[in-house]
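Heads up, the thing below is written out as structure tokens.
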Amino acid sequence: TRQKALHVDVCILLRKSSIARPFRLSSWQSIIIVVEMKVENELSFNDPLLSLMAQTERRYTLFPPPADSDQPVIVGVSGGVDSVVLLHALAQLPPLWRLQLHVVHVDHGIGLFQGLIKLTLEGIENEYLQIAYAGGDKLYVPIHQVDRLSKYIGSDDHAPDIHRLGTADWSQVRSKAKEAALEVARELLELYAARELAPGFAFSADSAWQSELEASFPYLETDDQLRAIREVKADMEKARPMDRLICGDVGYGKTEVALRAAFKAVQDGKQVAVLVPTTILAQQHYTTFTNRLAAFPVSVEMLSRFKTEKEQDAILTRLRAGQVDIIIGTHRLLQRDVAFKDLGLLIIDEEQRFGVTHKEQLKKLRTEVDVLTLTATPIPRTLYMSLVGVRDISTIDTPPEERLPVATYVGEYDDALVRQAILREIDRGGQVFFVHNRVMDIEHAEERLKSIAPEARIGVGHGQMDEHELEKVMVEFVKGQIDVLLCTSIIESGLDIPNANTLIVDRSDRFGLAQLYQLRGRVGRGATRAYAYFLYDRISGMTDEARRRLEAIREANELGMGYSIAMRDLEIRGAGDLLGMRQSGHISAVGFDLYTKLLKRSVDEMKALRDGTSLPPMTLGGVNIDLPLQAHIPDDYVAAEGLRLQLYRRMGNITGAAEIDALGQELVDRFGPLPKAVENLMFQLQLKVLAAKAGITTIGRDRERGNIVLKSETLEHVDRAGLQRRLGALAAVQRREVHIPLKDEWRVALMRVLELMGEA
């Protein structure tokens with residue numbers, strides 16, 4: 001071990017993952033060099049970079065290597081106050097600052113994001129995103145063009161090649177990806193068209209009973225819930241089969257949406273099948289449906305292994321005769337002996353939990369009846385279909401009132417920690433889920449728990465138990481006769497026990513990200529603060545992918561993150577298996593985000609061709625703006641660079657005037673009155689929204705004539721004389737451009753011209 005004299009800037013971070021202030025490290029006494037080695041490719045480096053390895057073995061790129069070093073240095077943090085602060089700071093880094101981030105610029109290709117930088121051009125200072133390309137090239141992206149950048153997500157874990165600026169390589173790669181996207185769009189639209197053309201049953205408008213049922217809902221619906229219900233009903237009333245996905249977090253009211261759809265179907269004499277992944281969830285839905293529909297003449301039954309064979313036969317006979325209106329069951333519903341008199345609606349809860357065979361059986365049903373799928377974390381393909389507009393999706397993002405995020409801890413397994421967590425929950429009158437996902441040694445886990453917390457009443461539940469024994473344990477837990485339920489991931493889907501507010505997951509590194517998210521959803525369903533402990537074995541260690549999953553679950557600690565978790569899962573696992581191997585190369589070449597945009601555009605183009613309509617020219621990167629304005633977020637308004645970057649990203653995703661107003665109000669609330677530079681930035685956002693509506697691709701300047709120039713590909717195809725009459729003296733209309741004099745009131749004139757062009 002030898003020490004190096006290095007001079008670097010280190011940053012202390014705010015608790016919200018934002019950089020607060022840089023300072024120069026006065027001494028390296030608290031930092032020792034552990035080993036010199038090359039950084040592995042799996043860390044997404046193309047060039048060796050200095051990496052800091054914390055005691056937990058997580059690695060972070062913090063600073064470039066010293067000039068005199070021919071090898072990267074991986075350092076460990078030793079004891080001392082400085083190291084504790086530094087470790088805490090590193091643990092709080094947001095994803096954008098972890099490692100070197102590969103990004104995709106729609107015009108220039110894949111590069112390395114290197115942070116924000118201030119530059120002064122023509123006497124005006126603004127902030128830019130700095131991207132490094134091959135050969136030492138640098139690209140400085142204006143912050144209003146942040147929507148031209150996306151995080152690179154490939155089809156596997158390998159780091160992508162970085163492009164060189166000023167060559168034709170990237171345009172060739174993008175053209176090939178566009179051709180591939182057209183091919184996939186054709187296939188997707190054939191599926192879509194088949195569904196559109198398939199004859200379906202058009203359900204009637206809401207009945208008086210429907211209104212009565214909905215009025216009996218004991219809670220106040222959220223706006224998202226009401227919108228989802230409206231969208232589902234509108235689909236059901238069309239004469240084609242519905243295929244809608246309801247994506248919402250656990251406990252956000254998806255079941256109520258499904259129940260109202262089921263009741264609507266029954267009103268028209270149709271039968272409803274509710275397909276769920278587990279017996280326990282079937283029992284829970286059965287209880288919910290029977291309680292909510294008790295006042296109406298609706299027959300609800302359940303088909304699962306909690307029923308005897310004789311009971312199942314009797315239910316199947318009544319189902320065939322049309323005497324059962326709503327049947328709730330596991331994959332047992334997909335077996336050959338299950339027949340309906342007149343099935344009208346299929347509701348699938350947590351589609352990702354069903355196997356390939358079951359999904360093939362579901363595909364056959366899909367073309368014939370209305371289908372409603374409920375999920376908290378959509379499977380990648382489903383997510384993808386909704387992203388490109390081929391699958392109808394309703395999202396429920398609003399949490400119920402008084403819901404609190406679950407406090408999440410990720411760390412090494414420790415008996416003392418487990419005991420503390422269990423006793424704290426019992427002391428406040430609550431119950432605990434302890435997830436141990438290996439049936440073969442679950443008895444050993446039970447003995448260990450009894451020795452750790454002998455005060456606790458412990459019950460065991462898993463999928464291989466006798467159904468009556470399992471049902472007995474679950475009933476005891478619901479009644480509060482058991483303090484700790486030691487179980488497998490059988491509790492993953494839908495189980496609702498408001499009094500259980502601590503979750504402990506043993507060997508959490510062995511679970512998928514969506515699974516971890518679903519498990520955490522079992523707690524925190526009321527107004528009580530809940531706790532989730534995701535533990536791993538220090539001795540066994542874990543893979544880099546498992547480490548990234550656990551980091552993601554810790555970060556996704558706000559309410560309503562299910563859709564984001566599905567996207568994060570896509571990032572961690574790659575998008576390779578999404579559309580089959582033949583597409584994975586194209587996804588790797590341009591990144592998932594850009595490929596999705598290309599595919600969505602291809603789908604829209606083919607729909608327009610089929611419908612005989614036209615589309616505005618493709619503008620992958622939105623509107624380009626070059627105006628004599630200082631438009632950015634100053635350091636003395638928002639000091640944290642990481643937070644400024646987050647705000648810029650949000651601004652890049654804005655599509656409407658209401659969002660701009662809401663963001664402006666939020667900035668005033670959080671940071672105080674808007675400085676002139678931020679007011680200018682908000683003005684540019686308004687211009688982008690209006691320009692996009694008007695088909696304008698560039699708002700620039702003619703410096704010689706002193707004009708603002710609006711460029712548009714669509715001007716050639718409009719009545720330019722009519723447009724000139726509408727604009728009057730405000731602007732001069734040319735073949736592909738509109739010129740506005742850069743006078744004192746140019747802002748007002750520019751806004752008015754864009755509004756008038758948008759109305760044309």
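Residues 1 to 760, numbered by our numbering, are exactly what the sequence shown covers, in order. Even glycine gets a Cβ: it sits at the ideal position worked out from N, Cα and C.
Beta-carbon proximity check, R752 vs L730, cutoff 8 Å: Their beta carbons are under 8 Å apart, which means R752 touches L730 by this criterion.
Same chain only: Cβ atoms within 6 Å of L275, ignoring 5 sequence neighbours per side: Once the five neighbours on either side are set aside, the close Cβ partners of L275 are L333, I348.
Three-pair Cβ contact test at 8 Å for the region 163 to 171 versus the region 129 to 139: Output reads yes: the region 129 to 139 touches the region 163 to 171.
Run of the alpha helix (DSSP H) containing H163, from where it starts to where it stops: For H163, there is no enclosing alpha helix (DSSP H), as DSSP marks it with neither H nor E.
Cutoff 7 Å; reference R174; Cβ partners in own chain excluding five residues on either side: Counting only Cβ-Cβ distances below 7 Å, and skipping sequence neighbours, we find V590.
Y286 and I315 closer than 8 Å at C-beta: Result no, Cβ atoms of Y286 and I315 do not sit closer than 8 Å.
D82 versus M606: straight-line alpha-carbon distance, rounded: For D82, the predicted structure reports a pLDDT of 37, less than 50, and the residue's modelled location is therefore unreliable. A value from the coordinates is still provided. So the two alpha carbons sit approximately 60 Å from each other.
Span of the beta strand (DSSP E), counted from its first residue to its last, around R244: Counting along the chain, the unbroken beta strand (DSSP E) around R244 starts and ends at 243 to 248.
Residues bridged to T375 (per DSSP): Paired residues: C247.
Which residues DSSP lists as bridging R703, in chain order: For R703, which the question treats as bridged, DSSP gives no partner whatsoever.
Closest by C-alpha distance to L667, when choosing among A694, V638, G656, L685: It is V638 whose Cα lies nearest to the Cα of L667.
is_contact[A177, chain C] using C-beta, thresh 8 Å: Absent from the structure is chain C; it holds one protein chain and no more.
Of the listed residues V406, H108, D325, L750, nearest to V523 (C-alpha basis): Measuring C-alpha to C-alpha distances from V523 to each of V406, H108, D325, L750 identifies V406 as the nearest.
Where I633 falls: helix, strand or coil (DSSP): Reduced to three states, the DSSP call for I633 is coil.
Per DSSP, cross-strand counterpart(s) of D370: Answer is L345.
CB contact flag (F534, L485, <8 Å): Taking 8 Å as the cut-off, the Cβ atoms of F534 and L485 do not count as close.
Other residues of its chain near K711: CB distance less than 6 Å, five sequence neighbours each side excluded: Excluding the 5 residues flanking it on each side, K711 has same chain C-beta neighbours closer than 6 Å at T697, T698, E737, in chain order.
Counterpart residues of H102 in DSSP-defined beta bridges: According to the DSSP secondary-structure assignment, H102 is paired through a beta bridge with L112.
Buried/exposed call for M757, threshold 16 Cβ in 10 Å: Of the residues assessed, M757 falls on the buried side of the cut-off, its CB having 16 or more other CB atoms within 10 angstroms.
Beta-carbon proximity of H436 to D496, cut-off 8 Å: It is not a contact, given that the beta carbons lie outside the stated cut-off.
Sub-8 Å separation of V272 and A265 beta-carbons: For V272 and A265, yes; Cβs fall inside 8 Å.
Contact the region 367 to 374 vs the region 289 to 303: 3+ CB pairs below 8 Å: As far as the Cβ criterion goes, the region 367 to 374 does not touch the region 289 to 303, which means the pair count is below three.
A5 (DSSP reduced to helix, strand or coil): Low confidence applies here, because A5 scores a pLDDT of 28, under 50, leaving its location unreliable; read the following figure in that light. Assigned with DSSP and collapsed to three states, A5 falls in coil, not helix or strand.
Alpha-carbon spacing of A692 relative to A198, whole angstroms: Distance between the alpha carbons of A692 and A198 is about 35 Å.
Inter-stretch contact at 8 Å, needing at least 3 Cβ pairs: the region 497 to 504 / the region 287 to 294: The region 497 to 504 vs the region 287 to 294: no contact.
Reduced DSSP secondary structure (H/G/I, E/B, other) of S207: Residue state for S207 is assigned as coil, using DSSP reduced to three classes.
Where A215 sits in the DSSP three-state scheme: In this structure, A215 counts as helix in the three-state DSSP scheme.
Start and end residues, beta strand (DSSP E) containing I396: Segment 392 to 396, the beta strand (DSSP E) holding I396.
Under the three-state DSSP convention, the category T290 falls into: Judged by DSSP in its simplified three-state form, T290 adopts helix.
Three-state class that DSSP yields for E122 in the structure shown: Of the three classes helix, strand and coil, the one that applies to E122 here is coil, per DSSP.
Burial state of S18 (16 or more Cβ within 10 Å): Residue placement at S18 is flagged as unreliable, the pLDDT there being 33, under the threshold of 50; a coordinate-derived value is accordingly withheld.
Unbroken alpha helix (DSSP H) run spanning K764, endpoints: The shown model of the chain, from 1 to 760, leaves out residue 764, and the question about it has no answer.
Rounded straight-line distance, which links the Cα of K178 to that of R601: In this model, R601 and K178 are separated by some 9 Å (Cα to Cα).
Meets three-Cβ-pair contact criterion under 8 Å: the region 440 to 450 and the region 241 to 259: The region 440 to 450 is not in contact with the region 241 to 259.
Short Cβ contact (8 Å threshold) for L690 with L629: It is not a contact, given that the beta carbons lie outside the stated cut-off.
Cβ neighbours of S489 in the same chain (closer than 8 Å, five flanking residues each side left out): So the qualifying residues of the chain are V435, N437, F511, Q515, L519.
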